[in-house]
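To start, the structure under review is shown below, and the notes come after it.
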Amino acid sequence: MATHDPLEGLNPPQREVVLHEGSPLLVLAGAGSGKTRALTHRIAHLVGARGVAPGSILAVTFTNKAAGEIRERLRGLLGESGRGIRAGTFHSICVRLLRAYGDRIGLTREFTIYDEADRSQVLKALVREANLGDDTFHPNRLVHAMGVLKSRGIDPRDSDAEVPGTAGERKLELLREYQERLTQAGALDFDDLLLVTVRMLRQNEALTDYLRTGPFHHLLIDEFQDTNSVQHQFVRLVAGGGDRLMAVGDEDQSIYGWRGADVSHILRFERDFPRTRVIKLEQNYRSTGNILKAAHSIIAADKTRRDKTLWTDGSQGEPVLLRATPTDLDEARFVVSEILRLARVENRRPRDFAIFYRTNAQSRAIEDELRRWNLPYIIVGGTRFYDRAEIKDALCYLRAALSPGEPVALRRILNRPARGIGATTLERVDAIAREHRVSWPEALGIATQRPEITPSSRKSLDKFLVWLREVQATAGDVHPVALLERLLGESGYLAALEKDDDPEAQGRRENLDELIRVAGEFETREPEGTARQFLDEVSLVADSDDVDEQRDRVNMMTLHTAKGLEFPVVFLVGLEEQLLPHVRSMNLPLALAEERRLLYVGMTRARERLAISYADARVLHGERRPSVPSRFLADLDRECAKFVGVTSLGSGQYHRPAAPAAPSIQRSAFVPPASKGPSQERAIDRETSQEAVRKLLPTDEMKPGMVVFHPTFGRGTIRGSSDYGESKKVLVQFSTVGLKKLLVKQANLGVFAD
DNA sequence: TGACCTTCCATTTTT
DNA sequence: TGGAAGGTCA
């Protein structure tokens with residue numbers, strides 16, 4: 000029984016979404032129109048009122064975060080009676096299918112998942128071996144070509160596979176070799192997960208029928224505008240006629256065309272699934288009237304789109320601010336002074352603010368300015384936890400333990416920690432593999448018997464392999480925490496880290512502890528879960544650096560990362576030709592339209608206040624050049640906006656508006672939380688801190704625990720130091736940017752006078 | 001093996 | 001301009 004009436008508090012179209020049955024359903028849901036609400040309430044209604052078995056419902060999303068949110072809301076709506084409802088990403092669902100049924104198409108149960116870095120690694124090796132140093136065969140191009148092919152559901156070995164452009168034939172050959180290597184290694188890359196699943200379903204009608212009538216009977220697909228061709232094929236296979244299919248999407252928010260997402264899937268839904276019922280959700284619950292109006296004026300200028308107008312019965316709110324500044328530095332000053340002003344006048348916290356930009360490189364100028372004012376910030380989607388070297392090492396240990404035939408992980412861990420197995424040995428193993436036509440892991444075994452490998456390397460290689468085989472023998476039955484601890488302990492990895500006096504080693508240990516903690520959480524959640532399942536799960540996680548509402552920090556991210564999020568105050572910077580629209584998209588009509596949608600997505604993230612800005616000159620690749628306001632700004636409805644410093648929109652003329660005034664308050668509103676000691680309790684802004692810093696700290700006086708000041712990073716505490724002769728380093732915990740390793744001779748730290 | 005130097009690259013990146 | 005990655009040297 001439902002613990003909550005799923006129809007309560009819904010508007011009429013949302014109710015329709017919940018109640019509709021008997022034919023395919025397409026929900027066109029505008030930004031902030033409560034689509035997740037409609038989707039989860041529909042599921043609650045299926046289970047509670049229509050008696051549908053939870054085990055026959057599948058909700059598919061693009062991110063783990065979205066899937067988690069759906070599960071979370073269902074728990075609230077259904078409680079225990081919702082157990083068994085599946086919600087996951089395309090990729091995670093496919094992994095589960097392949098682990099369960101992959102043997103039907105000859106796939107090993109121990110297959111390993113290669114991420115983008117692994118793909119790039121393998122392709123790089125191929126290019127190197129083939130001696131194709133040419134730019135035409137730049138690994139990035141091959142990585143891209145591979146993505147294009149596979150997102151359409153084409154294996155490079157298929158007879159109809161083609162790579163366009165120069166040397167397409169040769170490139171295709173390389174991609175085929177890549178695919179061969181993966182097959183040999185028992186590995187699938189991200190795109191393969193989808194592609195291979197679709198092929199498996201095509202070849203196994205009985206299995207597809209079972210899924211269609213059983214666990215995937217009721218199918219709900221989120222963000223349908225972002226599906227690529229293989230994903231679309233998957234949906235069509237599993238949905239059958241689509242009578243129990245619901246797709247939710249918004250063509251205006253399609254921003255992943257460059258990754259193979261195809262808006263036409265949503266546009267031709269009614270043709271693919273006849274008798275489709277279309278419901279539009281147009282009431283917005285997020286933004287003020289002015290923000291909606293401004294966003295609409297931008298998106299409506301795309302004449303090729305089907306019109307849809309969001310409305311709100313909330314207030315008009317403040318006008319959207321359009322601010323022009325002379326340079327990118329002034330733009331950063333404008334953003335930060337506005338943050339400080341709103342913090343003071345409207346009592347807002349750092350976490351209320353978000354700054355969006357088109358390219359990552361744009362963050363730097365703003366970061367510098369935020370630090371100068373001691374404003375804590377986080378770059379969302381920046382360095383990812385699972386991309387860190389020590390985490391990858393740990394995961395490669397897991398991979399090597401669980402997939403004995405797989406070379407990439409094995410190669411990575413072989414000499415980490417250092418075991419005296421260097422590049423020369425690796426090359427010789429490569430040679431052995433070629434000579435004997437055996438896989439790389441097999442060649443390693445042979446190498447322990449071969450004279451060309453130095454005796455010491457042979458010995459340590461042998462020792463390592465004996466140990467690894469021992470772990471492999473039982474790895475399948477061990478829980479993740481135990482296996483991780485065993486691998487990192489017995490391999491000497493942790494011991495080496497303990498001994499390492501590099502100040503960063505401490506951070507690495509903490510990261511590994513965090514990974515073990517994550518594994519522990521997994522065990523609590525899935526008491527029966529194996530290490531293999533844990534590895535699958537973390538292999539498919541993109542960012543652990545999610546928007547973290549607990550920590551009170553200003554949020555910075557690219558426009559792409561902003562999708563799906565919302566913030567009370569949003570700054571959208573760099574509204575300039577060549578940036579937004581980006582140079583690489585300016586001459587392609589489809590890509591240009593996507594840039595416009597990107598701007599629209601960014602604007603509709605704002606709840607209460609939205610400020611858009613551009614600079615008339617910007618430093619790019621170390622060169623200062625004039626810039627022209629974005630063409631999109633010409634479409635901005637002036638009725639809902641306030642222009643400051645803007646003199647010539649759309650004319651393309653260079654002009655020079657006034658620089659913004661310096662921030663009007665002298666003291667940062669935010670006290671860094673980590674401060675200790677009575678005299679350091681107060682906030683420090685640039686002026687006072689410079690005054691407070693009495694002298695530069697001499698090298699020999701740098702001691703852990705000292706509170707210091709750095710001209711760029713602000714206040715911090717020394718956490719450790721190391722001595723490498725000339726290059727002595729200190730590790731400092733800053734309140735703005737976290738841990739930083741600084742070379743002592745450049746550290747430039749000051750001490751406070753109290 | 002690691003420190004240091006050189007060279008290359010610079011759009012976005014749900015998994 | 002700055003960072004990452006690869007190469008070189010001790």
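Under numbering that gives the first Met the number 0, the residues of the first sequence are numbered 0 to 753, in order. Glycine is no exception: its CB is placed at the ideal position from the N, C-alpha and C atoms.
Skipping 5 residues on each side, what residues in its chain have a beta carbon closer than 7 Å to that of Gly519? Val480
Among the residues of its own chain, which have a CB less than 7 Å from the CB of Gln315, if the five just before and after it don't count? Thr287, Gly288 and Asn289
Go to Val465, then tell me how far its alpha helix (DSSP H) extends in each direction, as first and last residue. Pro454 to Ala474
Helix or strand or just coil, what does DSSP make of Tyr284? In the structure shown, Tyr284 sits in coil (DSSP, three-state: anything other than H, G, I, E or B).
Candidates Thr35, Gly50, Asn63 and Phe110: closest to Leu73 by CA position: Thr35
The beta strand (DSSP E) that contains Asn554, what's its start and end? Val553 to Thr557
Just to confirm my understanding: we take Arg85, look at its own chain, exclude 5 residues before and 5 after, and list those with CB closer than 6 Å. What are they? Correct list, in chain order: Leu57.
Check the C-beta distance from Ala610 over to Ser626 and give it rounded, since I have them as a contact under 8 Å. Rounded, the Cβ-Cβ distance is 18 Å, inconsistent with contact.
Mind pulling the alpha helix (DSSP H) runs of 4 or more residues that sit fully within the region 586-641? For the region 586-641, whole alpha helix (DSSP H) runs of length 4 or above, ordered along the chain, are 588-602.
DSSP three-state call for Glu686: helix, strand or coil? Since pLDDT at Glu686 reaches only 31, below the 50 mark, its modelled position is unreliable, and no value is offered.
Just to confirm my understanding: we take Trp310, look at its own chain, exclude 5 residues before and 5 after, and list those with CB closer than 8 Å. What are they? Hits under 8 Å: Glu281, Gln282, Asn283 and Leu291.
In chain order, each alpha helix (DSSP H) run of at least 4 residues that lies wholly inside the region 118-166: Taking only runs of at least 4 residues, the alpha helix (DSSP H) segments lying wholly in the region 118-166 are 138-150.
Nearest to Gly54 by alpha carbon, out of Asn63, Tyr209, Asp188 and Arg151? Of the candidates Asn63, Tyr209, Asp188 and Arg151, the one whose C-alpha sits nearest the C-alpha of Gly54 is Tyr209.
Closest by CA to Leu320, which one among Gly715, Gly644, Thr165 and Gly185? When only C-alpha atoms are compared, the closest one is Gly644.
Tell me, please, which residues DSSP counts as bridged to Ile278. DSSP lists Val26 as the beta-bridge partner residues of Ile278.
Between the region 212-219 and the region 180-189, do three or more beta carbon pairs fall short of 8 Å? no
Using C-beta distances below 8 Å, list every residue in its chain close to Arg685, excluding the 5 sequence neighbours before and after it, in chain order. Legend: pLDDT at Arg685 = 33, less than 50; position of this residue unreliable, value from coordinates given subsequently. Closer than 8 Å at the Cβ level, and outside the excluded window around Arg685, lie Arg371 and Trp372.
Considering only C-alpha positions, which residue in the set Asp271, Gly240, Ser150 and Arg267 is nearest to Leu255? The sequence shown places Tyr at residue 255, rather than the Leu named in the question. Minimum Cα distance to Tyr255 is reached at Ser150.
How would you call Asn130, buried or exposed, if buried means at least 16 neighbouring beta carbons within 10 angstroms? Burial call: exposed.
Roughly how many whole angstroms lie between the Cα atoms of Lys170 and Ser158? 15 Å
Nearest by alpha-carbon distance to Arg623: which of Leu96, Leu141, His137 and Leu328 is it? Leu328
Mind listing, in chain order, the continuous beta strand (DSSP E) runs of no fewer than 3 residues lying wholly within the region 184-244? Note on the region 184-244: whole beta strand (DSSP E) runs with a minimum of 3 residues are 186-188 and 217-220, in chain order.
Which runs of the beta strand (DSSP E) fall wholly inside the region 292-331 and span at least 3 residues, in chain order? 319-326
Would you mind working out which of Arg350, Leu181, Ser336 and Asn346 sits nearest Leu564, comparing C-alpha positions? Arg350
Once you ignore the five residues that flank Glu451 on each side, which residues in its own chain have a CB closer than 6 Å to its CB? Arg427
Can you give the Cα-Cα distance for Arg183 and Ser438, rounded to whole angstroms? In the sequence under discussion, the amino acid at residue 183 is Gln, which differs from the Arg named in the question. When rounded, the distance between both Cα atoms is 7 Å.
Identity of the residues DSSP links to Val643 by a beta bridge: Arg322
Considering just the uninterrupted stretch of the beta strand (DSSP E) at Phe533, what are its terminal residues? No beta strand (DSSP E) contains Phe533, which is instead part of the alpha helix (DSSP H) from Ala530 to Ser538.
Is the beta carbon of His3 sitting closer than 9 Å to the one on Leu97? no
Enumerated in chain order, which unbroken segments of the alpha helix (DSSP H) with a length of 4 residues or greater are wholly contained in the region 350-408? Runs of the alpha helix (DSSP H) lying entirely within the region 350-408 and spanning at least 4 residues, in chain order: 362-371 and 388-401.
Are Phe268 and Pro23 close, meaning C-beta to C-beta below 9 Å? yes
Express the C-alpha separation of Pro416 and Glu71 in angstroms, rounding to a whole number. 41 Å
Could you tell me if Gln224 is buried or exposed, where buried requires 16 or more neighbouring beta carbons within 10 angstroms of its beta carbon? buried
Which residue comes first and which comes last in the alpha helix (DSSP H) that contains Ile431? Ala422 to His435
CA nearest to the CA of Glu368, picked from Arg449, Arg332 and Ile298: Arg332
Looking only at its own chain, which residues have a Cβ that is under 8 Å from the Cβ of Gly240, when we skip the five neighbours before and after it? Only Pro23 and Phe272 meet the Cβ criterion.
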